Amino acid sequence: MTSIPTDHDAMLAALTRLIPIAMSDTGQSRRVANFLMAWWNGPELGHFEIADLFGLDVAVANDIATIVGYLGQRPGAIYIDALGFAEEMQDIIALWGKPVSTSAT
Numbered sequence: 009m010t011s012i013p014t015d016h017d018a019m020l021a022a023l024t025r026l027i028p029i030a031m032s033d034t035g036q037s038r039r040v041a042n043f044l045m046a047w048w049n050g051p052e053l054g055h056f057e058i059a060d061l062f063g064l065d066v067a068v069a070n071d072i073a074t075i076v077g078y079l080g081q082r083p084g085a086i087y088i089d090a091l092g093f094a095e096e097m098q099d100i101i102a103l104w105g106k107p108v109s110t111s112a113t
């Protein structure tokens, strides 16, 4: 069984890899952005669908798992701005924060 490290340094490294993906325009970008925005403010920005992991490269999914594992081990809430990434999150929200329309117009 493969172990995913969930210590602080591993979590920061994973987050540092995920942010550029969320700020780009690849097939994985929206999924990663959805994860980060759900962490930042799920009620306002939407939620992360677990099935979105199926559309990610294994390394990217492992980075998300690292962050979730880290957060699950901590008492209380830790948000991305407390880790020094508020500016990056504002950029991601500006890029992806618009609701996705599912109706044809």
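Taking my numbering, the leading residue of the sequence shown gets 9, the next gets one more, and so forth. Note that the Cβ used here is the ideal one computed from N, Cα and C, for glycine as well. In this text the structure is predicted, and so the values were computed from the model without any measurement.
- Take R39, set aside five residues on each side of it, and the residues of its chain with a beta-carbon closer than 7 Å to its own are D60, G63 and L64, in chain order.
- Leaving aside the five residues that flank M19 on each side, the residues in its chain whose CB is nearer than 6 Å to its CB run, in chain order, T74, I75 and Y78.
- The stretch 80-97 and the stretch 50-60 do not touch, with fewer than 3 CB-CB distances between them shorter than 8 Å.
- V68 counts as buried, since at least 16 other C-beta atoms from the protein chains shown sit within 10 angstroms of its C-beta.
- Taking C-beta atoms under 8 Å as the contact rule, I100 and L44 qualify, at a distance of about 6 Å.
- Rounded to whole angstroms, the gap between the alpha carbons of T34 and A41 is 11 Å.
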